[in-house]
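Asks: Sending over a structure as structure tokens; questions will come in a sec.
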Amino acid sequence: MFEGPIELLLYLVRKNELDVFDVPIGRLTDDYLDFVRSTIRLDLVSAADFLVLAGILVRLKMRRLLPSHKAEELETPTTTLEQILDEFRKYQRAAKVLCEREMERRRVFPRPGTAPRSWPSGQLDLSILTDAFRHLIRMRKPDNVVRLVPRKIHFQEKLEQLRQFIRTRGTVRFNEALSSNSIAELIVMFIALLELVRLGEVCISQRKQFDPITLELRDQTDKLKI
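Using numbering that gives the first Met the number 0, the letters of the sequence shown correspond one by one to residues 0 to 225.
As structure tokens, then:
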């Protein structure tokens, strides 16, 4: 019937229609003890609320019994226990709402942000690079020039060309570094990039999924740490 001693006290006061100065503390205490005995588990927070209210009640009755100055009487309005309990219930309802919101937040697990992907030498995620390389092949423009003699592509030349290109630009996107209409040249440049990564010269990073893959040269100090 009651959620706690505050509701119980309010019910008793309203039932007896008592003013704060006419409330029999002893009878209310006995009624509350009966309520405590009837409960299976005692809520310490609710018990503390009752003690606070009982203390307020005793204080108000003492103010009535002890003589006071007229000025104080004029400044102190008549207060009923029901008004005090209603005020308590306002804070209790607000606390209940905050508690419910806290419980709702505990059931929510926001997706954590993904840290920037960075793969040093020996820890390269090849699936990301191979997917990006396949995309470059699909997006390649056809070469309309017919070559009777296939052009020779030197691996070391492309390796140095890629190294200098990244060094000049500082940070370069993957699709910018591997830019060619020749499939053979793209394959050689991709292998050259893998070799630079293996040597620890190039760092490949991606801030989050679907973001551009970027390449940059490692500092000499970073290379020594690897």
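Cβ atoms here follow ideal geometry from the backbone N, Cα and C, with glycine treated the same way.
#1: Along the alpha helix (DSSP H) that carries Q205, what are the first and last residues, could you check?
#2: Mapping DSSP to helix, strand and coil, what is L216?
#3: Given this structure, state the Cα-to-Cα distance separating A94 from E103, to the nearest angstrom.
#4: I165 and L216 - do their beta-carbons sit closer together than 8 angstroms?
#5: Going by DSSP in three states, R139 sits in which element: helix, strand or coil?
#6: Within this structure, are the beta carbons of P211 and R172 separated by less than 8 angstroms?
#7: Taking C-alpha atoms, which residue in Y31, A176 and F34 lies nearest to I203?
#8: Could you pull the DSSP bridge partners for R172 from this structure?
#9: Using the C-alpha atoms, what's the distance from R105 back to H153?
#10: DSSP state of Q208, grouped into three classes?
#11: Figure out for me which residue from T170, C98 and E99 has the closest Cα to the Cα of Q205.
#12: Measure the Cβ-Cβ separation of L158 and A191 and say whether it is below 8 angstroms.
#13: May I ask you to report which of helix, strand or coil DSSP gives I152?
#14: Helix, strand or coil: how does DSSP classify S178 here?
#15: Compute the Euclidean distance between the alpha carbons of G25 and R100, then round it to the nearest angstrom.
#16: Is R133 closer than 8 angstroms to I182 when the C-beta atoms are compared?
#17: By the three-class DSSP mapping on this structure, what secondary structure does L193 have?
#18: Roughly how many angstroms separate the alpha carbons of L185 and G199, rounded to a whole number?
#19: Let's test the definition: count the other Cβ atoms within 10 Å of the Cβ of T213 and tell me whether it reaches 16, buried, or not, exposed.
Replies: According to the structure shown:
#1: In the sequence shown, counting from the first residue as 1, residue 205 sits at position 206. That residue, Q205, is in no alpha helix (DSSP H); its beta strand (DSSP E) goes V201 to Q205.
#2: Mapped onto the sequence shown, residue 216 falls at position 217. In the structure shown, L216 sits in a strand (DSSP, three-state: E or B).
#3: Indexing the sequence shown from 1 puts residue 94 at position 95. Indexing the sequence shown from 1 puts residue 103 at position 104. One C-alpha to the other measures close to 14 angstroms.
#4: Residue numbering aside, residue 216 sits at position 217 when the sequence shown is read from its first letter. Residue numbering aside, residue 165 sits at position 166 when the sequence shown is read from its first letter. In this structure, I165 lies closer than 8 angstroms to L216 by Cβ.
#5: Looking up residue 139 in the sequence shown gives position 140. In this structure, R139 counts as coil in the three-state DSSP scheme.
#6: Taking the sequence shown and counting its residues from 1, one reaches residue 211 at position 212. Taking the sequence shown and counting its residues from 1, one reaches residue 172 at position 173. Yes, they are a contact pair.
#7: Position 204 of the sequence shown, counted from the first residue, corresponds to residue 203. Here the closest residue by C-alpha is A176.
#8: In the sequence shown, residue 172 corresponds to position 173, counting from 1. In the DSSP output, where bridge partners are listed per residue, R172 has T213.
#9: Here residue 153 refers to the residue found at position 154 when the sequence shown is read from its first residue. Here residue 105 refers to the residue found at position 106 when the sequence shown is read from its first residue. Cα to Cα, the separation comes out at about 60 angstroms.
#10: Sequence index remark: in the sequence shown, residue 208 carries index 209 (1-based). Of the three classes helix, strand and coil, the one that applies to Q208 here is coil, per DSSP.
#11: Indexing the sequence shown from 1 puts residue 205 at position 206. For Q205, the nearest C-alpha among the options comes from T170.
#12: Counting from 1 along the sequence shown, the entry for residue 158 is found at position 159. Counting from 1 along the sequence shown, the entry for residue 191 is found at position 192. Their beta carbons are under 8 angstroms apart, which means L158 touches A191 by this criterion.
#13: Working through the sequence shown from its first residue, we reach residue 152 at position 153. Reduced to three states, the DSSP call for I152 is coil.
#14: On the sequence shown, residue 178 is found 179 positions in, with the first residue counted as 1. Coil, per DSSP.
#15: In the sequence shown, residue 25 corresponds to position 26, counting from 1. In the sequence shown, residue 100 corresponds to position 101, counting from 1. Near 38 angstroms, if we compare the C-alpha coordinates of R100 and G25.
#16: For this step, residue 182 is matched to residue 183 along the sequence shown. For this step, residue 133 is matched to residue 134 along the sequence shown. No. Outside cutoff.
#17: Reading the sequence shown from its first residue, position 194 is the one you call residue 193. It is helical.
#18: Stepping through the sequence shown from its first residue, residue 185 is reached at position 186. Stepping through the sequence shown from its first residue, residue 199 is reached at position 200. Their Cα atoms are separated by approximately 21 angstroms.
#19: Counted from its first residue, the sequence shown places residue 213 at position 214. So T213 counts as buried.
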